[in-house]
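Residue numbers (the working numbering): 44 to 338.
Here is the structure:
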């Protein structure tokens, strides 16, 4: 990882409003040395959610605070991208809700962009189908235009990213309960996907395919990494671990063609729980991965 090519922006966004561990992840990564791996650390966006009530019409937790947090992150990211044009952004959450602030910034700064979405879950529910109402259950749906209007229009354009310009990578498709299987059915037909079993069989080929699919997309492609794509045997400091995931080498192999792509705009990392990592060893492992994988 070439430090000069990156700036760091923290997003302590934990969408349940319960101050669950993801909120502390930017601080934990800095304590583990992340700031020294980038050319500039621009601090944290004001994305803390502290309400736990569900909006009655939409079912979304802390809807008004979510909108505020998204605008705060979008503003900070857009300013940093303007001020630091030679550096790519590395945005560390927080949970996957951070994408609701990232894509409005990309729309503002770049126009249209694609998305490589590396995640153990499809995150394609809405406030009424989600048991929890957490936006981290539904951010991919929101980005591609499915959900409450207050969130799908955060960028002022609709959708924030086209389903056809999105690749879902590493989601589980085997041994699912009925609700998880039903969520897969909700995915739009033009949203490309490479599930976890396919990645595990040949991660290099999977990564090349994902890169090729978005080779001509918009002004570039954002890479999002939800750490629950990893099998719990490799990393278990996440909110919703599930078996059947990738190991570190498989994740590195599938991400390598994406990280090396000239289409890469920036990277986000989400769902790390430092409260489940008392020794700090797992935070260090995440940084080791970023250091050897990002350009």
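Cβ atoms here follow ideal geometry from the backbone N, Cα and C, with glycine treated the same way.
Three-state secondary structure (DSSP) of residue i
{"i": "residue 109", "result": "helix"}
{"i": "residue 336", "result": "helix"}
{"i": "residue 185", "result": "helix"}
{"i": "residue 96", "result": "coil"}
{"i": "residue 209", "result": "strand"}
{"i": "residue 316", "result": "coil"}
{"i": "residue 235", "result": "strand"}
{"i": "residue 259", "result": "coil"}
{"i": "residue 230", "result": "coil"}
{"i": "residue 131", "result": "strand"}
{"i": "residue 269", "result": "strand"}
{"i": "residue 288", "result": "coil"}
{"i": "residue 264", "result": "strand"}
Delimiting residues of the alpha helix (DSSP H) encompassing residue i
{"i": "residue 144", "result": "142 to 153"}
{"i": "residue 196", "result": "That residue, residue 196, is in no alpha helix (DSSP H); it is neither H nor E in DSSP."}
{"i": "residue 70", "result": "68 to 74"}
For residue j and residue i, the rounded distance between their alpha carbons
{"i": "residue 149", "j": "residue 253", "result": "20 Å"}
{"i": "residue 104", "j": "residue 338", "result": "37 Å"}
{"i": "residue 187", "j": "residue 108", "result": "21 Å"}
{"i": "residue 292", "j": "residue 329", "result": "12 Å"}
{"i": "residue 299", "j": "residue 100", "result": "42 Å"}
{"i": "residue 46", "j": "residue 128", "result": "14 Å"}
{"i": "residue 211", "j": "residue 247", "result": "16 Å"}
{"i": "residue 155", "j": "residue 203", "result": "8 Å"}
{"i": "residue 173", "j": "residue 161", "result": "20 Å"}
{"i": "residue 93", "j": "residue 231", "result": "33 Å"}
{"i": "residue 113", "j": "residue 164", "result": "21 Å"}
{"i": "residue 282", "j": "residue 48", "result": "31 Å"}
{"i": "residue 145", "j": "residue 116", "result": "7 Å"}
{"i": "residue 185", "j": "residue 194", "result": "7 Å"}
{"i": "residue 233", "j": "residue 311", "result": "23 Å"}
{"i": "residue 143", "j": "residue 134", "result": "12 Å"}
CB-CB length for residue i against residue j, believed under 8 Å
{"i": "residue 295", "j": "residue 336", "result": "5 Å"}
{"i": "residue 239", "j": "residue 297", "result": "Not confirmed; about 10 Å, so no contact."}
{"i": "residue 102", "j": "residue 171", "result": "5 Å"}
{"i": "residue 304", "j": "residue 290", "result": "Not quite, the Cβ-Cβ distance comes to about 23 Å (not below 8 Å), so this is no contact."}
{"i": "residue 334", "j": "residue 80", "result": "6 Å"}
{"i": "residue 177", "j": "residue 58", "result": "5 Å"}
Limits of the beta strand (DSSP E) - the one that residue i falls within
{"i": "residue 53", "result": "49 to 54"}
{"i": "residue 255", "result": "It is not in any beta strand (DSSP E) - residue 255 instead sits in the alpha helix (DSSP H) that spans 246 to 256."}
{"i": "residue 311", "result": "307 to 313"}
{"i": "residue 298", "result": "Looking at the DSSP string, residue 298 is not in any beta strand (DSSP E); the run it does join, the alpha helix (DSSP H), is 291 to 302."}
{"i": "residue 83", "result": "83 to 87"}
{"i": "residue 157", "result": "157 to 161"}
Pair within 8 Å by beta-carbon distance, residue i and residue j
{"i": "residue 326", "j": "residue 318", "result": "no"}
{"i": "residue 261", "j": "residue 180", "result": "no"}
{"i": "residue 53", "j": "residue 87", "result": "yes"}
{"i": "residue 273", "j": "residue 288", "result": "yes"}
{"i": "residue 33", "j": "residue 50", "result": "With the chain running from 44 to 338 in the structure shown, residue 33 is simply not present."}
{"i": "residue 190", "j": "residue 169", "result": "yes"}
{"i": "residue 309", "j": "residue 131", "result": "yes"}
{"i": "residue 138", "j": "residue 258", "result": "no"}
{"i": "residue 270", "j": "residue 159", "result": "no"}
{"i": "residue 56", "j": "residue 140", "result": "yes"}
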